[in-house]
Structure formats: structure tokens, C-alpha cells
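This report refers to the structure that appears directly beneath it.
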Amino acid sequence: GAVVSQHPSWVICKSGTSVKIECRSLDFQATTMFWYRQFPKQSLMLMATSNEGSKATYEQGVEKDKFLINHASLTLSTLTVTSAHPEDSSFYICSASGQGHSPLHFGNGTRLTVT
Amino acid sequence: AQSVAQPEDQVNVAEGNPLTVKCTYSVSGNPYLFWYVQYPNRGLQFLLKYITGDNLVKGSYGFEAEFNKSQTSFHLKKPSALVSDSALYFCAVSLSPASNTGKLIFGQGTTLQVKP
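In order, the protein sequence lines correspond to chains A and B.
Basically our numbering = 1-based index in the first sequence + 244.
Basically our numbering = 1-based index in the second sequence + 9.
Written out as C-alpha cells, the structure reads:
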């Protein structure tokens, strides 16, 4: 079945540094990828929709200059958390879909801790 | 606006008993409904979806869900629960059957605890 690989699975960084998270579709071409944020024991909040070759579409309240998204190819989207602060600590999950009525496939998530 | 509600934060069942995880939705058009399961520190795994056709949808791991338009519900069910079914379950809705063109709106999640 379709596999989405997300890397790293966890990262600890110091306040003020930037962190890049990668999301790859391993056996299909993903024209669209989605980035979600999940707080403990809460639902997934959609942050942005990433379209290959074009700018990402951000949800209301999400700072596009802080959460940089690049979708340079049909198999890779990256989320960069710039100048991270402790309040950015969270579980970030990407998802991807190919063509047609295929369901979204999710990566295993990245646990970000900013100290 | 689209919304999904999962009225129970947690559901507890004994192994071997049937389980139900509830979901209701609110959309302005035809709903496309999904169930996902999440294990600790992992992403979401797709269980099943309703696009059109039979109201009873069968999915992975013996789960099924029934689409009820009059009650705007899409409850997840399994005839006989396993301890390994213990996880966090999310109901989601989209206005597009092709989820790559439509955003998924998730419910708040329900923790299923199956006790031996």
C-alpha cells in the first residue's frame, strides 16, 4: 500500500533555531500534501496545503513566514519551523494523496521539542 | 461550515464485546466520511470511508461504519473488540471524495480502551 515517510520522527532544538521536517511519498506521486499539528490528546489542526510547484495555502492563523513549506517535487514536501520557540513544541504530521478517490496517507509524525 | 463531532472522549469495552465509536457531522453538501486510527506517537492509519452507495461500509481490521443521513451520523463499529484495538480514533469529513482536492476536517478523537 501507499507509504508516506516523515523524517525525523523526533527532534529537540534550542529556542531561536530552525528545524526542517521532510515528508516523502515513497510509492506514489503526491500532487498535494497536507501539514497538520496535533497537541496532546487533541485533534489534528490543518496548518497548510502544499501543492507541487506552487505556493502553499495556509490556514487562518498560521504564520506563513514562521512555518515555511516547500513542495519542490511530486514526492517531497518540507516544513521548516523558523526561529522556533517553546510554544512551537508539538507533534507535526504530514499527509499525502495521489490521484482520484484515494484516501489520505499519513506520515508517522515528528515530535518537536523546543527548549 | 463543516464540522465533525465525536461526543465521547473515551470508550471502554471488554475484549470480545462489540464496540461503537460515535461520530456526527454537519456539512452543507454531500458528505464524504472517513475513519482513521492513531497509535501513540504515530501518524494516522486509514480504516474506511463512505463516498456513495451502501450505507454500511466495511474497512480494515474488521471495522465497519454505518452512514445514516437522517441522523447525520457515521458511527464506527466492530462486532468483537480486541485489546490491540485500543487506540485513538478520528472521524473526518470532506466535501470532496478525492481527498487530495478537499481538506479533511477531523473530529476531536475518541480513545478506545479494550480491557482483557
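Quick reminder that beta carbons are idealized off the backbone N, C-alpha and C, glycines included.
(Q) Quick check: Q7 of chain B and F99 of chain B, are their CB atoms within less than 8 Å of each other? (A) This structure leaves residue 7 of chain B out entirely; chain B is present only between 10 and 125.
Q.
Counting only Cβ pairs nearer than 9 Å, list the residues of chain A close to K112 of chain B.
A. Residue mapping note: residue 112 of chain B aligns to position 103 of the second sequence, counting from 1. Neighbours of K112 of chain B on chain A, chain order: F278, L290, T293, E303.
Q: Taking C-beta pairs closer than 7 Å, name the residues in chain B that L320 of chain A reaches, listed in chain order.
A: The residue given as residue 320 of chain A occupies position 76 in the first sequence. Near L320 of chain A there are no residues of chain B at all, since even the closest Cβ is about 16 Å away, more than 7 Å.
**Q.** Continuous beta strand (DSSP E) stretch holding I60 of chain B: start and end
**A.** As a working note, residue 60 of chain B is residue 51 in the second sequence. Premise fails: I60 of chain B is in no beta strand (DSSP E) and is neither H nor E.
**Q.** Length of the line joining the Cα atoms of F278 of chain A and C338 of chain A
**A.** As a position in the first sequence, residue 278 of chain A is number 34, starting the count at 1. As a position in the first sequence, residue 338 of chain A is number 94, starting the count at 1. Using only the alpha carbons, I get a separation of about 6 Å.
Q.
Tell me which residues share the same chain as D18 of chain B and place their Cβ nearer than 7 Å to its Cβ, disregarding the 5 neighbours each side in the sequence.
A. The residue labelled residue 18 of chain B in the question sits at position 9 within the second sequence. Around D18 of chain B: T119, T120.
Q.
Tell me the DSSP secondary structure of S69 of chain B in three-state form.
A. Taking the first residue of the second sequence as position 1, residue 69 of chain B is located at position 60. S69 of chain B: helix per DSSP, three-state reduction.
Q. Cβ of Q286 of chain A within 8 Å of Cβ of G52 of chain B?
A. The count along the first sequence starts at 1 and reaches residue 286 of chain A at position 42. The count along the second sequence starts at 1 and reaches residue 52 of chain B at position 43. Annotated as distal: Q286 of chain A and G52 of chain B, with beta-carbon spacing of 8 Å or more.
Q) Beta-carbon separation of F76 of chain B and L57 of chain B under 8 Å? A) The residue labelled residue 76 of chain B in the question sits at position 67 within the second sequence. The residue labelled residue 57 of chain B in the question sits at position 48 within the second sequence. Against a cut-off of 8 Å, the Cβ pair of L57 of chain B and F76 of chain B comes out as no contact.
**Q.** chain B residues whose Cβ lies nearer than 8 Å to that of H349 of chain A
**A.** Start at 1 with the first residue of the first sequence, and residue 349 of chain A comes out as number 105. Going along chain B in sequence order, the residues near H349 of chain A (Cβ under 8 Å) are F55.
Q. Excluding the five sequence neighbours on either side, which residues of its own chain have a C-beta within less than 6 Å of the C-beta of D332 of chain A, listed in chain order?
A. In the first sequence, counting from the first residue as 1, residue 332 of chain A sits at position 88. Contacts found: V325, V358.
**Q.** Check whether V30 of chain B and L91 of chain B have beta carbons under 8 Å apart
**A.** Here residue 30 of chain B refers to the residue found at position 21 of the second sequence. Here residue 91 of chain B refers to the residue found at position 82 of the second sequence. Taking 8 Å as the Cβ cut-off, V30 of chain B and L91 of chain B do not qualify as a contacting pair.
Q.
Just verifying my parser: in three-state terms, what is the DSSP assignment at V92 of chain B?
A. The count along the second sequence starts at 1 and reaches residue 92 of chain B at position 83. In the structure shown, V92 of chain B adopts helical secondary structure according to DSSP, grouped into three states.
Q: Sort A:Y336, A:C257, A:L290, A:H315 by Cα distance to G297 of chain A and report the nearest one.
A: The residue given as residue 297 of chain A occupies position 53 in the first sequence. If we check each option's Cα against that of G297 of chain A, A:H315 comes out closest.
Q. Any C-beta of chain B sitting closer than 8 Å to the C-beta of R355 of chain A?
A. The residue labelled residue 355 of chain A in the question sits at position 111 within the first sequence. The beta-carbon of R355 of chain A is placed less than 8 Å from the nearest beta-carbon of chain B.
(Q) So, for A330 of chain A: in the same chain, excluding its five sequence neighbours on each side, which residues have a beta-carbon less than 6 Å away from its beta-carbon? (A) Counting from one through the first sequence, the residue named residue 330 of chain A turns up at place 86. Ala is not the amino acid found at residue 330 of chain A; the sequence shown has Pro there. Counting only residues of its own chain and dropping the five nearest sequence neighbours on each side, P330 of chain A has a CB closer than 6 Å to the CB of V358.
Q: Note down, in chain order, all residues in the segment 36 to 64 of chain B with a beta-carbon under 8 Å from any beta-carbon belonging to chain A.
A: Per Cβ criterion, the list reads F43, Y45, N50, R51, G52, L53, Q54, F55, K58, I60.
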